[in-house]
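Q: Numbering-wise (our numbering), the sequence shown opens with residue 3 and increments by one. Glycine included, each C-beta is placed from N, C-alpha and C at the ideal position. Take this structure, written in structure tokens, and hold onto it; I'll ask about it next.
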Amino acid sequence: KISFFSIALEEITEPMILLLLLVGILYSIWGGFKDAITIFVVIILLVLAEVWNEYRAKKSIAALAKLTAPEARVVRDGQITTMRAENVVPGDVLVLTPGTRIAADARLYTSFSLQVDES
3 KISFFSIALE EITEPMILLL LLVGILYSIW GGFKDAITIF VVIILLVLAE
53 VWNEYRAKKS IAALAKLTAP EARVVRDGQI TTMRAENVVP GDVLVLTPGT
103 RIAADARLYT SFSLQVDES
């Protein structure tokens, strides 16, 4: 699962952010308080922007992975059922149509003008 806080922690530990934090701390120690506040505000804005972009990207990738998860149409108990390819078990009869990716090793019972692209 994608966690907003784990991404934030990952971004905060980036070397550039750590360097900016160190500079902000040094500025606040040596009296440049306004400069230190400015640096900390910039750090917060940078981290928030990076976390937001990373979070959206990971959510999009997860959604795409879910859409492209291989599925198989099988005959179980006399009915054609669509299921995730990882749930196909020995004894299931795969129902293939043109363009279907074969979800498992299988024996071919019958076919009409079969063509296979093994790439």
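Using the rule of at least 16 other Cβ atoms within 10 Å of the residue's Cβ for burial, across every protein chain shown, is I41 buried or exposed?
A: The residue in question, I41, is buried, as its Cβ has 16 or more Cβ neighbours within 10 Å.
Q: Check whether the Cβ atoms of V90 and A67 sit closer than 8 Å, and answer yes or no.
A: Result no, Cβ atoms of V90 and A67 do not sit closer than 8 Å.
Q: Could you check whether L47 and I19 sit closer than 8 Å to each other, using their CB atoms as the reference points?
A: no
Q: Quick one: measure Cβ to Cβ for E56 and E13, integer angstroms, because I've assumed they're closer than 8 Å.
A: 7 Å
Q: With a Cβ-Cβ cutoff of 8 Å, do A10 and G26 count as a contact?
A: no
Q: Taking only runs that begin and end inside the segment 74 to 107, name each unbroken beta strand (DSSP E) of 3 or more residues, in chain order.
A: 81 to 86
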